[in-house]
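Data block below; observations after.
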Amino acid sequence: MGIVLAGELFPVTQWAFRLYGVLHGVLTLLVFTLMLGVLLLGLTEKAATGTRWLQISLLGSQALLVAVAKLWLYPYAHPTEFMLGWLFLILWPGFRPWLGYAAILVVYCFHYANGPDAPSQLTFIIDTSQMSVFSVIVVVSLMWFVVGVAVHALAGVVAVTRELHSARNEVTRLTAAEERRKMSQLLHDQVGQSMVAIMLRTELAQRLMPTDPEGAHKEMCGVFDAAKDTLRSIRSIAHDNLGTEFERELGSAITLLEAAGVNCRLHLAVAPSGPAAEILAWTLREAATNILKHSDATVCEIVLRDEERLYHFAIRNNGAKQEAPISGGSGLIMIQERAARAGGKATLKQAGDVFTLALIVPHGPTDGEEPGASDAHQQATA
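This note's numbering puts the first residue of the sequence shown at 1175, with every later residue one more than the last.
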């Protein structure tokens, strides 16, 4: 399109300078430059995504410039009107702009056949001396139709490029949002329980101070250890090398619950491993924190068994508050999300003052097996 415009702009300006003088030539150059500028504005994102009034304003401006060029500067058969047709093809999608472009092509051919230059205008491309006017008009029509197709394709490429750029920005935004959500979840899971442990042990040390200074000192040492664990967890989160072991989380949960006066009963038939062990560890951590926050529990039962490559994990406690919502807080929702992503399922149930958090999660794919292909995975998600 740029080559066509440059090829037309130079001879027309040269003609205007030669026949009408400097002023006319300068005005011709100015009008043609403005038409090119309006055409390029039609390719911008603001024109494509702007209001209909903006697009109509561009079309009106182009129509006015074309009228000036046709009626005053260059009244003969010259393709200035195609700039208006190209703008139609750029701004308006669908089939309708092609009807307007075809009408402009018909009008142009009519003026071309009756203009003083016909059919000599194509002599710089082909030899028209042996061609009839009709043949030349056919060639001209095909040429400008092909140019219209090229302009329409260019507008499509610009639109697709704009959509790809927008999609890339959206992917970047969603990735950043996912990282923030992941960071928030890790801080909730890791730091939340540590803060609860520090609070409970500090409170217990205060109660023991008058009667059992040695016990209070022991609890304060536990507070110090919990603070170090919290700092280590924060550093691990910052460097993205955080790992969770089920045995370690089980020991921490038992210590935390028994420090609060909760009797823990364990029924562990298997030692979990692989990705499922990490999910079970996160669940155990969140469940222990939830028991201390939302119940007056005295007994907590932890059950783990393995059936058909599915881990069945349950944490049951008494003393659940009746006013506590069964859907749980954000931590329990995160457990459900983690289980779903692993192909498992987490359920919450409360009967009287007994609250049960149950989790079913597959072991994970074995060597050579695609994730989600096992029967265990299908049973977990059924």
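Yeah, the Cβ is synthetic: ideal placement off N, Cα and C, and Gly gets one too.
Residues of its chain near residue 1432, where Cβ-Cβ distance is below 7 angstroms and the 5 sequence neighbours each way are ignored: Excluding positions up to five away in sequence, the list reads 1438.
I need the straight-line Cα distance from residue 1204 to residue 1342, nearest angstrom please. 39 angstroms
Would the stretch 1465-1472 count as touching the stretch 1439-1452 if we require 3 or more Cβ pairs under 8 angstroms? no
Taking residue 1536 as the reference, give the member of 1520, 1230, 1403, 1516 with the closest Cα. If we check each option's Cα against that of residue 1536, 1516 comes out closest.
Grouping DSSP H, G and I as helix and E and B as strand, with all else coil, what is residue 1468? helix
For residue 1530, collect the residues of the same chain with a Cβ closer than 7 angstroms to its Cβ; drop the 5 residues on either side in sequence, then sort them by chain order. Same-chain partners within the cutoff: 1488, 1490, 1523.
Which same chain residues end up closer than 6 angstroms to residue 1382 when comparing Cβ atoms and leaving out the 5 residues on each side of it in sequence? 1389, 1390
Would you tell me roughly how many angstroms separate the C-alpha atoms of residue 1507 and residue 1378, rounded to the nearest one? 30 angstroms
Residue 1420 to residue 1479 span [Cα, whole Å]: 14 angstroms
Determine the closest residue to residue 1371 out of 1344, 1208, 1402, 1533, with distance taken between C-alpha atoms. Of the listed residues, the one whose Cα sits closest to residue 1371 is 1402.
Helix, strand or coil at residue 1343 [DSSP, three-state]: helix
Roughly how far, in whole angstroms, is the beta-carbon of residue 1509 from the beta-carbon of residue 1460, given that I think they are within contact range, below 8 angstroms? 6 angstroms
Per-residue DSSP class, three states only, for residue 1403: helix
7 angstroms Cβ shell around residue 1351 - same chain, five flanking residues per side excluded: Within the same chain, residue 1351 has no close Cβ partners at all.
Using only CA atoms, which one of 1336, 1473, 1405 lies nearest to residue 1366? 1405
By Cβ distance, which residues of its chain are closer than 7 angstroms to residue 1513, with the 5 residues on each side in sequence left out? Taken in chain order, the residues that qualify are 1453, 1519, 1520, 1533, 1535.
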